[in-house]
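Numbering (our numbering), first residue to last: 72 to 157.
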């Protein structure tokens, strides 16, 4: 299972709290950031990310993507009482 740096989660929280729309560009191997982002965002938010060998992936956040994100975060070792968004 992969891991996500606490500093990366903090950057997501900061971007989501910004008063204006934000584009967060990732340089490096933080390709898992779409997972907690789908858990953190409001319904209807569009999350776009690149998937090697596939191209651009577009996800509209809702109950389904959020539930999948929670399962993946749990597989990565996050406890149910350790919220990503907080």
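Note that CB positions come from ideal geometry on N, CA and C, so glycine has one too.
Integer Cβ distance of residue i from residue j, believed to fall under 8 Å
i           : j           : result
residue 113 : residue 130 : So it is not a contact: roughly 13 Å between Cβ atoms.
residue 118 : residue 109 : 6 Å
Option nearest residue i by Cα separation, candidates the options
i           : options            : result
residue 139 : 96, 107, 98        : 107
residue 104 : 76, 127, 142, 134  : 76
residue 111 : 137, 146, 142, 145 : 137
Distance, residue j Cα to residue i Cα
i           : j           : result
residue 96  : residue 73  : 20 Å
residue 94  : residue 148 : 28 Å
residue 120 : residue 128 : 5 Å
residue 126 : residue 84  : 26 Å
residue 78  : residue 142 : 21 Å
Collapsed DSSP secondary structure at residue i in the structure displayed
i           : result
residue 111 : helix
residue 76  : coil
Where the alpha helix (DSSP H) containing residue i begins and where it ends
i           : result
residue 139 : 134-146
Residue i, enclosing beta strand (DSSP E) - first and last residue
i           : result
residue 158 : Coverage of the chain is limited to positions 72 through 157, which leaves residue 158 absent and any answer about it impossible.
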